Amino acid sequence: MHTKTTTESEDNQNGETIFMDKDIPSIQKSSIELGQIKEGRTEVKGPTGIVEVAKKKNVVEKLIYVISVATVFFLAHAVITIQWVLPYYYAVSAPILILIRIILYWKLKWQLFMLDFCYLGNTLCYVYMWAAPANDSFFLLVFSIANGPLVFGALMFRNALVFHSLDKMTSVYIHLLPAYLTFGIRWFPGSCSVYWYQPFISVFQAPSFIWLLVVPLGIVLGHSALYIIVVILIIKPKKEFLDSYRYLTGKESSLVFKIINICGPNSIPIVLS
1 MHTKTTTESE
11 DNQNGETIFM
21 DKDIPSIQKS
31 SIELGQIKEG
41 RTEVKGPTGI
51 VEVAKKKNVV
61 EKLIYVISVA
71 TVFFLAHAVI
81 TIQWVLPYYY
91 AVSAPILILI
101 RIILYWKLKW
111 QLFMLDFCYL
121 GNTLCYVYMW
131 AAPANDSFFL
141 LVFSIANGPL
151 VFGALMFRNA
161 LVFHSLDKMT
171 SVYIHLLPAY
181 LTFGIRWFPG
191 SCSVYWYQPF
201 ISVFQAPSFI
211 WLLVVPLGIV
221 LGHSALYIIV
231 VILIIKPKKE
241 FLDSYRYLTG
251 KESSLVFKII
261 NICGPNSIPI
271 VLS
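Under full-length UniProt numbering, the letters of the sequence shown match residues 1 to 273, in that order.
Now the structure itself:
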């Protein structure tokens, strides 16, 4: 039961109750999520409003769940039997999901995540598909990045198949789908090229130390140096902005924090990058 203080509450015509700030210690969290801050007052929706919000959220989560599960089955089937779908699926879905993520993250003040290496890796993969699908050296570069740093990023950020979460499923997609695509091109080049505007490379050169290790490593190190300079040294984001550095070091008890803190706190930005 809620205990009123000396400040009285007001009832509106819709049966909703508007409490003064001092009256809501026990429902502060729900009021922030469901209410509106106007003129120094916190408006808390009544039971009907809460139910309506919950129903809308539930419907959206169910829709995301169905799409996510269907996508997992579809991609598993595509990698095995209809590889020609992979480049088309990636070409259409990647820009849409990344655009949605930019909009959502901007509202949450998480836009600095968009400077992470995984988005650069996806950009290189996208450029390869459209600009140079028959270039063997470019493919080796993209293959190395897609099956190296991007997959490792899924482990670092603890990606999980939470089917009703658009954010978590998008993270899984961004880190793993380039690996699916390059796998299909590497082992089924003919099938992937059937309906694409230009055939992908079908005869692969011997593994190149330069294009499989040196060039990808140089890109990773170059991005890391640029990230440190731009984000940590120049932008210096305020506390309300979240980035990879703050996300991965937020819990000192986590395994990730203990690993990257081996050389001391001053080395954390370099290790993370």
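Heads up, the beta-carbon is just placed ideally off N, CA and C, and yes, glycines get one too.
The model shown is predicted, which means the values in this text are computed figures rather than measured ones.
*Quick one: what does DSSP say Glu-130 is sitting in, helix, strand or coil?*
Sequence check: residue 130 is Trp here, not Glu. Residue state, collapsed to three classes: helix.
*State buried or exposed for Val-60, treating a residue as buried only when at least 16 other CB atoms are found within 10 Å of its CB.*
exposed
*Cα separation between Ile-102 and Ile-96?*
So the two alpha carbons sit approximately 10 Å from each other.
_At least 3 beta-carbon pairs within less than 8 Å: the segment 222 to 231 vs the segment 126 to 139_ = no
*Arg-41 by DSSP, collapsed to three states: which one?*
In this predicted model, Arg-41 has a pLDDT of only 42, less than 50, meaning its place in the structure is not dependable; the value taken from the coordinates is given anyway. Residue state, collapsed to three classes: strand.
*asked:* Less than 9 Å between the beta carbons of Tyr-88 and Trp-187, yes or no?
replied: no
*Nonlocal neighbours in the same chain, by C-beta distance under 8 Å from Pro-149, ignoring five residues either side*: So the qualifying residues of the chain are Phe-117, Cys-118, Gly-121, Pro-216 and Val-220.
_Trp-106 classed as buried or exposed, judged by whether at least 16 other C-beta atoms fall within 10 angstroms_ = exposed
*Which whole-angstrom value describes the C-beta separation of Tyr-65 and His-175, a residue pair presumed to lie in contact below a C-beta threshold of 8 Å?*
In fact, because the Cβ distance is near 20 Å, the residues do not count as touching under 8 Å.
*When we look at the beta-carbon of Gln-198 and count the other beta-carbons within 10 Å, is it buried (16 or more) or exposed?*
exposed
*Where Leu-140 and Met-114 are concerned, what is the direct C-alpha to C-alpha distance, given to the nearest angstrom?*
25 Å
*Which of helix, strand or coil does DSSP assign to Pro-237?*
Pro-237 sits in coil when the DSSP states are folded into three classes, being neither helix nor strand.
*Can you grab the Cα-Cα spacing for the pair Lys-57 / Phe-209, in whole Å?*
50 Å
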